[in-house]
Structure formats: structure tokens, C-alpha cells
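Protein chains: 2
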Amino acid sequence: MLLCDIGNTSYHFYDGVHEKKEDAATFDPRTLKEKVYYICVNPAVLQKLSPLANWVNLERHVDRSRYYETMGIDRIMACEAIKSGIIIDAGSAITVDKVQDGRFMGGFIYPGVRAMEQTYKNISSALDYSFNYKVDLDKMPKNSQDAISYGYLKPLQAEVLSHNTELILTGGDASKLACVFPRATIDELLLFGGMQKIIQRAKLC
Amino acid sequence: MLLCDIGNTSYHFYDGVHEKKEDAATFDPRTLKEKVYYICVNPAVLQKLSPLANWVNLERHVDRSRYYETMGIDRIMACEAIKSGIIIDAGSAITVDKVQDGRFMGGFIYPGVRAMEQTYKNISSALDYSFNYKVDLDKMPKNSQDAISYGYLKPLQAEVLSHNTELILTGGDASKLACVFPRATIDELLLFGGMQKIIQRAKLC
Chain L
192 MLLCDIGNTS YHFYDGVHEK KEDAATFDPR TLKEKVYYIC VNPAVLQKLS PLANWVNLER
252 HVDRSRYYET MGIDRIMACE AIKSGIIIDA GSAITVDKVQ DGRFMGGFIY PGVRAMEQTY
312 KNISSALDYS FNYKVDLDKM PKNSQDAISY GYLKPLQAEV LSHNTELILT GGDASKLACV
372 FPRATIDELL LFGGMQKIIQ RAKLC
Chain Z
192 MLLCDIGNTS YHFYDGVHEK KEDAATFDPR TLKEKVYYIC VNPAVLQKLS PLANWVNLER
252 HVDRSRYYET MGIDRIMACE AIKSGIIIDA GSAITVDKVQ DGRFMGGFIY PGVRAMEQTY
312 KNISSALDYS FNYKVDLDKM PKNSQDAISY GYLKPLQAEV LSHNTELILT GGDASKLACV
372 FPRATIDELL LFGGMQKIIQ RAKLC
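Going down the list, the sequences are from chains L and Z.
Following this note's numbering, the numbering of the first sequence begins with 192 at its first residue and continues without gaps.
Following this note's numbering, the numbering of the second sequence begins with 192 at its first residue and continues without gaps.
Have a look at this one:
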């Protein structure tokens, strides 16, 4: 069974054993003849896939009424994957979603690493630094690089830890945030777990 | 006694009773003949002021060793103004600085309102909203506008409140953040208080 999570920049495939990525702009989905179960937040790719009979959009099999209208299908699929906890999906945005006993409790959106570094740089050239992930988050900083690193990481940590629940880190920047959430489980295949549950529940195969 | 706090966009004057602002790009400081005590984070204006004998740069009278090397003089002056507490100075960046018994304990930098709205918009057109300052920060949100409003405001609130100390709000966007920190004192003239202390201590008048 081939699964595919399609974002703004790439197709992320997983067959239960191996994963691979293809560029969203250049990959031709017609080259695949087997059945592919997918989710997609990329409108241009969605249009390409809709006439292809072997590409099955799992979004149609999700009970969207349990979430909110404009919530991305990738966030929904991550929520479907767990029973209780907070999912921190670190990509171009960091989405933080809470699930309790299988129920979506709400979520928020924080800027991703690259977006936030750019933000500080745009405010002032004096703030043009990469983040220091080793900054001591237990002590207010006394230099510019740490002042923005702490400013980005500590508020997120303080809010997330206040919920006092299990944490799951996923997304391309999950490993960068691992030192901010040392007790979190890193699961880069989390969304695929949600997709597999949907397939089973809808008896698609 | 005329005081002036010069930022990237304006001269902010205060004579002990009235305040007024002048555009940093167009105001000609030579038009003022009286003595002006100032601080300035704007390099172009600093160059214009340095040959003018009646403009006194208070930065020379500050003990910088109590702070860190690249810390802006505006942040330092705000710290000089208080004995203990956290200063939240909400401008193009939000600087958060902690002072305890007159000692600077460190500080961090969070993006300002306009910078952060732009960041979300740049990540995705689906996140192009103004912040909702009335968002309920006690409940994870279930719509896109609140998901970014909470994502911007709640982490900052969680981190700042964790220090459990007195809060002083200042800067152009202080009133916007008042609902996030309802127990904070708003003091838009805070920096001038710091400047007055420096003038007294250095016996400048």
C-alpha cells in the first residue's frame, strides 16, 4: 500500500517500509500506475491528481465535522493518528494541535524556523542571526543571538508544556525542536499513521 | 528640561508635561536652540546630532557594563527606569527585559505586531489575518484567525507570566497588548523616567 502526503514543496511517499520525497513542482503523478492513497494541501497538485483514478484522496473519508472548516488536512491526519496528546508539526509553520481521548480540542499556529529567522532579520539587520538551539531556556539571555533564539523558542515551550500532556514532534524541523521538548516523541511518519487508520476505518483495502 | 527618545521612525520629545513626535527622516534638529537630552538608536540621526553642542547624548553617561554590548540604548534606559519587574516594550520588535533590585537579569526579543502579521501572511495566504486581541487565551482555538492570534499572543503571555513579577507595558503597541497582560501597568513615558534618573545621577542639570 502506497501512501503520499503532499505539501507545498514535495510529495512524501511511504510504502510501510521505505519513504521518499519528490519535488511538488516537477514530479509527474501519471508515472505511477499503482494505487496511491494521498492527502494534499497543494491546490495545483490537487488539480493534477483529480482525474487520475489510481490516486485516492483520503480527505473524502475523513469526518471533517470533528475539526474546523479551514483546518489543513495534514493537521487533521496527524490528529487522527493519536488518541491523546499534543502534536507539534514543525514545517513552514509550526502547528500545535491538542487531542484528548480521540477528540480534537483545538490548536494554534506558530511561525516555522525559516519564517521566523527572516522576520527578525526584516525588523533589523542587528537581529540577522540563525537560532541557537542550545540557548539556555532557564535563564534570560544577555546577547543578541540568544535574545532572539530564546524569544522564538521559550514562549512556544512555555505554552506547550503548560498543557502537561504527551508531546509528539513531527515535520521537517522536528529534530531542531527536539532540544526544546526533550520529552517529546519524534515521529516523522505520524501523518501516515493517521492515513492508515482512515483507510482501515473506511475499509478501503 | 527637554528630553528626546529617537527611534528608527521618529523623534519623541517630552518636556515633563507635554510630548510630541517628529518624523526622523524630515525633522531638522538644528531648528532647536535649547538644550536637549537624548538617546538615539538611529545611526543616521546620530550622525546629524553629534556636531550639535546643545544636543546631549545620554548614552555616554550610562554604565553599559551592567548590560550587554549590543543591547539597544532604549532598552537600557527602560531598565534604568525601574527597580524590579519586567518591561515589555512593544514596537517593531517586542523587547522583554527583566530587572531585579536594580540589576538587569537578561531579556529577549519577540517580533512586533506588524512584523508577525506579515510573517503569517508570507507563510500562506490562508493565514492573512489581522490579530484578534479578544481571542480567548484559556482555550485552544478552532478557527484560522484565532489560531494565529493565539499562536502569537499566548506563548508570549505564558513565558512572561511564568516570571511572576510586576509588569510594565510601554511602546507604540502597548495598548494592543493590554488585554494579554491585564495586570500590567501601562507607561508610555517609561524611557523618559530612565533618562531623568541618568541626568540626576550624572548631575547634568
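Glycine included, C-beta positions come from ideal geometry on N, C-alpha and C.
Please indicate yes or no: does the CB of residue i lie closer than 7 Å to some heavy atom of the ligand PLP?
i	result
residue 373/L	The ligand content of the structure shown is nil, which means the ligand PLP is not present either.
Taking the Cβ atom as the reference point for each residue, do residue i and residue j lie within a distance shorter than 8 Å?
i	j	result
residue 296/Z	residue 304/Z	no
residue 335/L	residue 306/L	no
residue 206/Z	residue 193/Z	yes
residue 393/Z	residue 353/L	no
residue 346/L	residue 301/Z	yes
residue 200/L	residue 277/L	no
residue 198/L	residue 272/L	no
residue 172/Z	residue 389/Z	In the structure as shown, chain Z starts at 192 and stops at 396, and residue 172/Z therefore has no counterpart that could be examined.
residue 340/L	residue 326/L	yes
residue 274/L	residue 288/L	no
residue 372/Z	residue 343/Z	no
Would you say residue i faces chain Z, with C-beta separation under 8 Å as the test?
i	result
residue 350/L	yes
residue 347/L	yes
residue 198/L	no
residue 342/L	yes
Answer yes or no: does any C-beta atom of chain L fall closer than 8 Å to that of residue i?
i	result
residue 338/Z	yes
residue 334/Z	yes
residue 202/Z	no
Select from the options the residue whose C-alpha is nearest the C-alpha of residue i.
i	options	result
residue 311/Z	197/L, 299/L, 201/L, 377/L	299/L
residue 266/L	252/L, 329/L, 285/L	285/L
residue 222/Z	235/Z, 208/Z, 244/Z	244/Z
residue 268/L	387/L, 396/L, 204/L	387/L
residue 211/Z	237/Z, 377/Z, 196/Z	196/Z
residue 280/Z	369/Z, 292/Z, 326/Z	369/Z
residue 238/Z	254/Z, 224/Z, 274/Z, 216/Z	216/Z
residue 333/L	396/Z, 255/Z, 365/Z, 219/Z	255/Z
residue 378/L	351/L, 371/L, 275/L, 365/L	365/L
residue 317/Z	234/L, 219/L, 203/L, 225/L	234/L
residue 319/Z	309/Z, 225/Z, 330/Z, 380/Z	309/Z
residue 261/Z	374/L, 209/L, 338/L, 331/L	338/L
residue 331/L	330/Z, 313/Z, 294/Z	294/Z
residue 253/Z	241/Z, 240/Z, 270/Z	270/Z
residue 324/L	315/L, 203/L, 225/L, 367/L	367/L
residue 402/L	209/L, 202/L, 374/L	Since the first and last residues shown for chain L are 192 and 396, residue 402/L lies out of range.
residue 382/Z	225/Z, 374/Z, 263/Z	263/Z
Using a Cβ cut-off of 9 Å, which residues of the region 305-331 of chain Z contact any Cβ in chain L, in chain order?
Correct list: 306, 307, 309, 310, 311, 313, 314, 315, 317, 318, 330, 331.
Against chain Z, which members of the region 284-304 of chain L pass a CB distance test of less than 9 Å?
284, 285, 286, 287, 288, 289, 295, 296, 297, 298, 299, 300, 301, 302, 303
Pairs of beta-carbons, one from the region 356-363 of chain Z and one from the region 341-361 of chain L, closer than 8 Å: are there three or more?
The region 356-363 of chain Z vs the region 341-361 of chain L: no contact.
Pair every Cβ in the region 224-236 of chain L with every Cβ in the region 245-256 of chain L, then say whether three or more of these pairs are closer than 8 Å.
Verdict: yes, contact present.
Within 7 Å of chain Z by C-beta, residues of the region 258-281 of chain L in sequence order
259, 261
Near-chain Z residues of the region 353-366 of chain L - C-beta to any C-beta below 8 Å
353
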